[in-house]
Each structure stands twice: as C-alpha cells, then as structure tokens.
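A quick write-up on the structure given underneath.
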Amino acid sequence: MSRPSPLSATPFLLLAGCSTDTAPSFSLAGAYFPDWMLCAMFGVASAVGLRVIFVVTKIDSILRFRLFTYSALGVIVALSIWLIWFGP
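The opening residue of the sequence shown carries number 28 in the numbering used here; numbering runs sequentially from there.
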C-alpha cells in the first residue's frame, strides 16, 4: 500500500478558511452576496454620477485621462465604503 503524498492535503488546507460563519457577506432576499460586490456597485454608480456632474460643470473637458480619473474615483469611493461600513 502506498503512502499518500503531502501535497494531497493542500486543497483541504487552502479551503479551510472558506466557511459561511466568517465569510464577509450579507443576506439579500435569502442569497448571500460578498461585501466587495456591494462596494463595487457603489463605486461604479458613484463614478457614473461624478461623470455626469463633471460634464454639467464642464470639468470633464479639461481632464486629460478621463478613463483613469473616473476609474480612480470609483475605486476611491468603493474602498471608502468598504472601510467605513465593513472595516475594523
């Protein structure tokens, strides 16, 4: 009889942290969604909203790197929400 390889236990060790008790998730209509998905949705919505505001106030026309600017603003909002709402 052959002895099992030490590498055969690797998947079990990697999956040890995956449990619903400690997973950062919230229940929405009976389904669990990860918290980062909610923060990402807020980030995208805020980037779109800020673009509308920048176009109306004509700030958009003086921006050089629009895609980078709006992506960065969305990430800043998403990470701020994560820190404030789900942070330590």
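The beta-carbon is built from N, C-alpha and C at its ideal position, and this holds for glycine as well.
Using 8 Å for Cβ pairs, my map puts residue i next to residue j. What's the rounded Cβ distance?
i, j, result
"residue 131", "residue 69", "The shown model of the chain, from 28 to 115, leaves out residue 131, and the question about it has no answer."
Quick one, are the C-beta atoms of residue i and residue j less than 9 Å apart?
i, j, result
"residue 62", "residue 95", "no"
"residue 100", "residue 74", "yes"
"residue 97", "residue 65", "no"
From residue i to residue j, what distance separates their C-alpha atoms?
i, j, result
"residue 88", "residue 80", "12 Å"
"residue 92", "residue 110", "27 Å"
"residue 106", "residue 71", "12 Å"
"residue 184", "residue 108", "Residue 184 cannot be examined here, being either before or after the span of the chain that is shown, 28 to 115."
"residue 82", "residue 60", "33 Å"
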